[in-house]
């Protein structure tokens, strides 16, 4: 196994357990503790992990809280963002909604729309929209994640390839000049498949996503059309968005 592959396994283990002993990681990957220390060193330098007393953990700024907690965080901002996004969507559109707390609020805001075709891999979003105003809701199959009841894997990817989407709305874990970032490797291929089939890609995030560091690069800024948020992004990000041709809307 290459060093980069071991680093991905280390990140996966930390995400599951929060904190892992170096000896435990070495045993699980059948390598020496010294090899794991060498693997961790560049990860520490990049701010992806913290090493303390024979253990490794994830920094607070790249930990993703449980879904029920995310629904409560910055609720007012997320409701404003969701309202702004819903006003851009017309009755009868085909819309994809990515799993996330902000997109759950978008789903609620879309309940007064009619004749929408909703595509999602989120059980929560499906439940919210399934009974609204003659809307059709299609949910991707696949393995359901325990945290947010989102379906992932090859079945979900094949599902989305069946459709053409007018507007795709994403709630991404982090946004930086380097692009759109998240916390799960399973998100990358699925999100890219959706973006390739969408006429318009909207990223709906509150300002805290500008302060966080994701661990998986989902796409470049050029792959999105519009950022909807509650505060002006940092200057460096503003410049990168402008260079990428991305519009920014501040929801008020």
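Numbering (the UniProt record's numbering), first residue to last: 1 to 252. Where is the CB? At the ideal position from N, CA and C, for every residue including glycine.
Once you ignore the five residues that flank residue 197 on each side, which residues in its own chain have a CB closer than 6 Å to its CB? Answer for residue 197: 164 and 165, listed in chain order.
Should residue 236 go down as buried or exposed, given a rule of 16 or more other Cβ atoms within 10 Å for buried? With fewer than 16 other Cβ atoms inside 10 Å of its own Cβ, residue 236 counts as exposed.
Quickly, what does DSSP pair residue 200 with across the bridge? List them, please. The partner list for residue 200 (beta bridge, DSSP) reads 167.
Exposure label - residue 209; buried when at least 16 CB within 10 Å: That one is buried.
Identify which residue in 186, 180, 215 and 212 has its Cα closest to the Cα of residue 201. Of the candidates 186, 180, 215 and 212, the residue whose Cα lies closest to the Cα of residue 201 is 180.
Mark residue 32 as exposed unless 16 or more other C-beta atoms lie within 10 angstroms of its C-beta, in which case mark it buried. Here residue 32 is exposed. Its C-beta has fewer than 16 other C-beta atoms within 10 Å.
Which residue's Cα is closest to the Cα of residue 47: 86, 119, 214 and 38? For residue 47, the nearest C-alpha among the options comes from 214.
Take residue 167 as the anchor and find which of 110, 36 and 37 has the nearest alpha-carbon. Selection 110, 36 and 37 evaluated against residue 167 yields 110 as nearest (Cα-Cα).
When DSSP labels each residue in this structure, what does residue 113 get in the three-state scheme? If DSSP states are grouped into helix, strand and coil, residue 113 belongs with coil.
Rounded C-beta distance between residue 159 and residue 134? I'm assuming under 8 Å. The beta-carbon separation of residue 159 and residue 134, rounded to 22 Å, does not stay under the 8 Å limit for a contact.
Which same chain residues end up closer than 6 Å to residue 257 when comparing Cβ atoms and leaving out the 5 residues on each side of it in sequence? Here the chain has residues from 1 to 252 only, and residue 257 is not among them.
Could you say which of 87, 24 and 228 lies nearest to residue 56 if we only look at CA atoms? Looking at the Cα atoms, 24 is the closest of the given residues.
DSSP three-state label for residue 61, please. In this prediction, residue 61 scores a pLDDT of 47, lower than 50, which makes its location untrustworthy; no coordinate-derived value is stated.
By alpha-carbon positions, which one of 219, 225 and 29 ends up nearest to residue 7? Comparing Cα-Cα distances from residue 7 to each of 219, 225 and 29, the minimum goes to 29.
Rounded C-beta distance between residue 102 and residue 206? I'm assuming under 8 Å. At roughly 7 Å, the Cβ-Cβ gap stays under 8 Å, so residue 102 and residue 206 are in contact.
Selection from 34, 136 and 154 that minimises the alpha carbon distance to residue 144: Relative to residue 144, the option among 34, 136 and 154 whose CA is nearest is 154.
Going by the beta-carbon positions, is the gap between residue 225 and residue 251 smaller than 8 Å? No, Cβ-Cβ distance for residue 225 and residue 251 is not below 8 Å.
Which two residues bound the contiguous alpha helix (DSSP H) that contains residue 51? For residue 51, there is no enclosing alpha helix (DSSP H); the residue is part of the beta strand (DSSP E) that begins and ends at 50-52.
Quick one, are the C-beta atoms of residue 151 and residue 192 less than 8 Å apart? Taking C-beta atoms as the reference points, residue 151 and residue 192 fail to come closer than 8 Å.
So with Cβ pairs under 8 Å, would you call residue 110 a contact of chain D? Reference to chain D is not applicable here, since this structure consists of a single protein chain.
Decide if residue 173 is buried, meaning its Cβ has at least 16 other Cβ atoms within 10 Å, or exposed. By the 10 Å Cβ count, residue 173 comes out buried.
Would you mind sorting residue 78 into buried or exposed? The rule is 16 or more other CB atoms within 10 Å of its CB. Residue 78 is buried by the Cβ-count criterion.
Curious, which full-length beta strand (DSSP E) runs of at least 3 residues does the stretch 192-246 contain? Counting only runs of 3 or more, we get 198-204, 216-219 and 226-229.
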